[in-house]
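Protein chains: 2
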Amino acid sequence: MSDADFDLTQFLPYLLNQAAEASSLEFQKIYKDRYGMLRTEWRVLFHLGLYGRMTASEIGARANMHKTKISRAVQRLAERRFVTRTRDDADRRVEHLALTAQGQAAYADLHQVAQRYDGDLTAGLGPDDRVALKKMLVALSAKFPAGFT
Amino acid sequence: MSDADFDLTQFLPYLLNQAAEASSLEFQKIYKDRYGMLRTEWRVLFHLGLYGRMTASEIGARANMHKTKISRAVQRLAERRFVTRTRDDADRRVEHLALTAQGQAAYADLHQVAQRYDGDLTAGLGPDDRVALKKMLVALSAKFPAGFT
DNA sequence: TTGTAATAGTTGTTTTTGTAACTAACAAGC
DNA sequence: GCTTGTTAGTTACAAAAACAACTATTACAA
Numbered sequence: 000m001s002d003a004d005f006d007l008t009q010f011l012p013y014l015l016n017q018a019a020e021a022s023s024l025e026f027q028k029i030y031k032d033r034y035g036m037l038r039t040e041w042r043v044l045f046h047l048g049l050y051g052r053m054t055a056s057e058i059g060a061r062a063n064m065h066k067t068k069i070s071r072a073v074q075r076l077a078e079r080r081f082v083t084r085t086r087d088d089a090d091r092r093v094e095h096l097a098l099t100a101q102g103q104a105a106y107a108d109l110h111q112v113a114q115r116y117d118g119d120l121t122a123g124l125g126p127d128d129r130v131a132l133k134k135m136l137v138a139l140s141a142k143f144p145a146g147f148t
Numbered sequence: 000m001s002d003a004d005f006d007l008t009q010f011l012p013y014l015l016n017q018a019a020e021a022s023s024l025e026f027q028k029i030y031k032d033r034y035g036m037l038r039t040e041w042r043v044l045f046h047l048g049l050y051g052r053m054t055a056s057e058i059g060a061r062a063n064m065h066k067t068k069i070s071r072a073v074q075r076l077a078e079r080r081f082v083t084r085t086r087d088d089a090d091r092r093v094e095h096l097a098l099t100a101q102g103q104a105a106y107a108d109l110h111q112v113a114q115r116y117d118g119d120l121t122a123g124l125g126p127d128d129r130v131a132l133k134k135m136l137v138a139l140s141a142k143f144p145a146g147f148t
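Here the protein sequences come in this chain order: S and X.
Position one of the first sequence corresponds to residue 0 (numbering that gives the first Met the number 0), numbered consecutively onward.
Position one of the second sequence corresponds to residue 0 (numbering that gives the first Met the number 0), numbered consecutively onward.
And the structure:
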């Protein structure tokens, strides 16, 4: 009872999930082993390292992450002295997040790993394909307008 | 403190995760709302619908899913009468899974939805790009040899 | 045969996530 | 000033995933 015209392994969401999971594995191992971080935490760290001081909401908007996820990630990162939180004086609801020296160091390390890792992953592709692939992925992500509360 | 040469949104694992999550959302809503299924269950259903009668291990090997995930998915699918489980007489450890009529119906419905959905997702791409994208994703998934126990 | 290892699948326990309800601070209208 | 609504972020509880230990059955070798 198979359908010649539909192959599960060609179904884009399935394919994307498989590729995402596979390609995250090795990198995950690194930030987990070296810094005991979870994916959410790594993401927050990268946002702060890359774009500098931000608030939790800003990170959430950029990364399409729910605020509770971020809240918990920040909490853990702060406990481990990777980030500092400082209240805004004008609006005392918001909190500015920034990396500590330790956070900077971890970021620098992982950032460099990521860069190399990305290179390895796309090593098989020609430069054109590499660009095309990423463009298509960006387009796919953008297709759905930030589906979180 | 930003690095001109590394953009988080261009980091392949990140990009893949975003695209995977975004593209799964709408489809997930459908199988969840219509049949109360989880992603794992949907996957098992599709494997059985597409390739016919199989054992749990076979599904695990194909889908790169851990056996506990499958065990629980099968349990729920069986409770809801979507699949039947029959012991193998020769080797009484193994169990053959197959879809019930109800399972077939659900599969047929979702299969058709998936097909349409996939079409919509890749609508923006030319046929060449579509093929190229999927090829690259398959290659990326294969790059890591089934990293599960 | 009997003892050891391997395989199929399950169950129990701990992490992580998702969802919803909550507090605190601000904003705007009246 | 008050009420009503909104936003930033947290907390509590339920759902799902990850991980490890387990049972039952088969394989295989001394």
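Quick reminder that beta carbons are idealized off the backbone N, C-alpha and C, glycines included.
Since the model is a prediction, treat every value here as computed from it, not as a measurement.
Since residue i is in the alpha helix (DSSP H), which residue starts that stretch and which ends it?
i, result
"V130 of chain X", "126-141"
"G48 of chain S", "38-50"
"D6 of chain X", "Per DSSP, D6 of chain X belongs to no alpha helix (DSSP H) and is neither H nor E."
"A21 of chain S", "11-34"
Taking the C-alpha atoms as reference points, what is the distance between residue i and residue j?
i, j, result
"F147 of chain X", "T39 of chain X", "Bear in mind that the predicted position of F147 of chain X carries a pLDDT of just 35, short of 50, making it unreliable; the figure below should be weighed with that in mind. Roughly 16 Å between the two C-alpha positions."
"T76 of chain X", "M64 of chain X", "The question names Thr, yet the displayed sequence has Leu at residue 76 of chain X. Answer to the nearest angstrom: the Cα atoms are 16 Å apart."
"K31 of chain X", "Q17 of chain X", "21 Å"
"A122 of chain S", "L132 of chain X", "16 Å"
"D108 of chain S", "L44 of chain S", "12 Å"
"Q111 of chain X", "Q9 of chain S", "14 Å"
"D128 of chain S", "A55 of chain S", "35 Å"
"R92 of chain S", "R84 of chain X", "55 Å"
"L11 of chain S", "D88 of chain S", "47 Å"
"Y50 of chain X", "R71 of chain X", "20 Å"
"L126 of chain S", "K66 of chain S", "Leu is not the amino acid found at residue 126 of chain S; the sequence shown has Pro there. Taking the straight line joining both Cα atoms gives about 36 Å."
"A19 of chain S", "K142 of chain S", "18 Å"
"R79 of chain X", "L15 of chain X", "33 Å"
"Q74 of chain S", "F5 of chain S", "45 Å"
"A100 of chain X", "D90 of chain X", "26 Å"
"A60 of chain X", "A60 of chain S", "37 Å"
Beta-carbon within less than 7 Å of residue i's beta-carbon, same chain only, minus the 5 sequence neighbours each way: which residues are those?
i, result
"Y13 of chain S", "L7"
"A62 of chain X", "R42, H46"
"R86 of chain X", "E94"
"A145 of chain X", "No answer about A145 of chain X holds up, because its pLDDT of 46 lies below 50 and its placement is not dependable."
Ignore the nearest five residues each way along the sequence and tell me which others in residue i's own chain have a CB closer than 8 Å to its CB.
i, result
"L47 of chain S", "M53, I58, V82, L96, A97, L98, G102, Y106"
"S22 of chain X", "L120"
"M0 of chain X", "Unreliable placement is indicated for M0 of chain X, whose pLDDT of 45 sits below 50; no coordinate value is reported for it."
Sort the options by Cα distance to residue i and report the nearest one.
i, options, result
"L24 of chain X", "X:A141, X:A113, X:G125", "X:A113"
"K28 of chain X", "X:A72, X:Y116, X:L139, X:R129", "X:Y116"
"L37 of chain S", "S:L11, S:L15, S:I69, S:G51", "S:I69"
"V137 of chain X", "S:L120, S:K66, S:R71", "S:L120"
"A104 of chain X", "X:Y34, X:E20, X:A21", "X:Y34"
"L139 of chain X", "S:S140, S:K142, S:G118", "S:G118"
"L124 of chain X", "S:L124, S:K134, S:E78, S:R80", "S:K134"
Excluding five sequence neighbours on each side, which residues of the same chain lie with their C-beta closer than 6 Å to the C-beta of residue i?
i, result
"F26 of chain X", "Y116"
"V130 of chain X", "none"
Practice problem: Report the residue ranges of all alpha helix (DSSP H) runs contained in full by the segment 59-115 of chain X; include only those spanning at least 4 residues, in chain order. | Solution: DSSP runs (the alpha helix (DSSP H)) wholly in the segment 59-115 of chain X: 66-78.
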